[in-house]
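Chemist:
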Amino acid sequence: LSIAGSAETAAFIRSALKPFQALTVVKTGTLERYKLDDRDLAIICSSHQGNMEQVRQVFKILWRADIDPSELKCPIPTGKESPLQNNCSGKHAGMLAVCQQRQWPLNSYLQYNHPVQKLILSQVAELMRMPGEELILAHDDCGAPTYLVQLGQMASLYAQLASGNNLAMERIVRAMTHHPEMVAGEGAFDTELMRLSQGELVSKAGAEGVQCIGRVGEGLGLAIKVMDGSKRAKYAVAVHILKQMGWISPSIAEALAETFMKLSEFKRLEVLGELSML
């Protein structure tokens, strides 16, 4: 166990919760019921960029489950035309598909007391070995519940996700690592890290400086929280720690640093400096 700061520091896990919210889709047989594949499961775990391929993947889930896209309760992003383009639409589509399969109400699926949210909460609480009623809940930007979790608990969740000891979580890891382009998108940290590590790492970002990573097959987890929410600092910390622990090679660290630790003047595309860890 290696700790910098306090493992008891608590933060809302935000979108790093998505692989565990997706457990409900796997465990209820929803994938089989609607003939959904690993690309569908990857987009359910995603914070995607809203490109055409990703939007089509979300639409496919809803179409297979006979759900109108208007049932999505995630907001329409600024300047966009549809909630399908929201970066959390895959997660919402997965929740709706479970509701459809179980014949639960669709219009209230984001409420804390809805059966699908109770099921997600119970499954996450079981992994955390604590009563669900002890978890503090809040609504994320997309409207779905998220939880206040200690950093040590986040790392433990990702260690379990990556352990290979649970068939449902193993399926989720396979989907995310085989289809990293669905989990975030071109040029995004999660996508590039999973692509470069060739399935050895599973990675999911959360808003406000949260980053969680698991080492596949070894039951090791890493959780990072940058207190001011900075993405730049989060990437620098992640690359430094991954290299320090031997989870990535120097060449992968260099490739990630080239993309995520450079400071550019975007209008002129001039590199003005770079980030480093002290």
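The numbering used here puts the first residue of the sequence shown at 2, with every later residue one more than the last.
Even glycine gets a Cβ: it sits at the ideal position worked out from N, Cα and C.
1) Measure the CB-CB distance between Ile249 and Val238 and report whether it falls below 7 Å.
2) If you measure from the CB of Leu149, is any heavy atom of the ligand MG nearer than 6 Å?
3) At what residue ranges does the region 41-94 contain a whole run of the alpha helix (DSSP H), taking only runs of 4 or more?
4) Cα-Cα, which of Lys263, Ala185, Val174 is closest to His49?
5) State the Cα-Cα distance for the pair Val211 and Ile14, rounded to the nearest angstrom.
6) Mind checking which residues open and close the beta strand (DSSP E) that includes Lys235?
7) Given a cut-off of 7 Å on the beta-carbon distance, is the pair Val240 and Leu257 in contact?
8) So which of Leu107, Leu162, Lys119 has the shortest CA-CA distance to Leu128?
9) Rounded to whole angstroms, what is the Cα-Cα separation between Pro78 and Leu85?
10) List the DSSP bridge partners of His115.
11) Assuming contact is defined by CB atoms lying nearer than 7 Å, are Leu136 and Ala11 in contact in what I supplied?
12) Am I right that Thr31 and Val99 are in contact with their C-beta atoms under 8 Å? What's the rounded C-beta distance?
13) What is the DSSP secondary structure of Ala12, reduced to helix, strand or coil?
14) Curious, which full-length alpha helix (DSSP H) runs of at least 4 residues does the region 140-177 contain?
15) Using CA atoms only, rank isn't needed, just tell me which of Pro181, Lys92, Glu187 is closest to Glu201.
16) Can you tell me whether DSSP reads Val211 as helix, strand or coil?
Modeler: So, from the listed chains and residues:
1) Against a cut-off of 7 Å, the Cβ pair of Val238 and Ile249 comes out as no contact.
2) Ligands are entirely absent from the displayed structure, and the ligand MG is therefore not among its contents.
3) Those alpha helix (DSSP H) runs which fall completely within the region 41-94 and span 4+ residues are 53-65.
4) Minimum Cα distance to His49 is reached at Ala185.
5) Note on geometry: alpha-carbon atoms of Val211 and Ile14 lie some 7 Å from one another.
6) Counting along the chain, Lys235 falls outside any beta strand (DSSP E), though it belongs to the alpha helix (DSSP H) covering 232-245.
7) Result yes, Cβ atoms of Val240 and Leu257 sit closer than 7 Å.
8) Check the Cα spacing between Leu128 and each of Leu107, Leu162, Lys119: the tightest is with Leu162.
9) Taking C-alpha positions only, Pro78 is separated from Leu85 by approximately 9 Å.
10) Beta-bridge pairing links His115 to no other residue.
11) Cβ distance not < 7 Å, so Leu136 and Ala11 don't count as in contact.
12) Confirmed, Cβ separation roughly 5 Å.
13) DSSP places Ala12 in strand when its eight states are reduced to three.
14) With a minimum length of 4 residues, the continuous alpha helix (DSSP H) runs that stay inside the region 140-177 are 152-163.
15) Measuring from the Cα of Glu201, the nearest candidate turns out to be Pro181.
16) Note: Val211 maps to strand in three-state DSSP.
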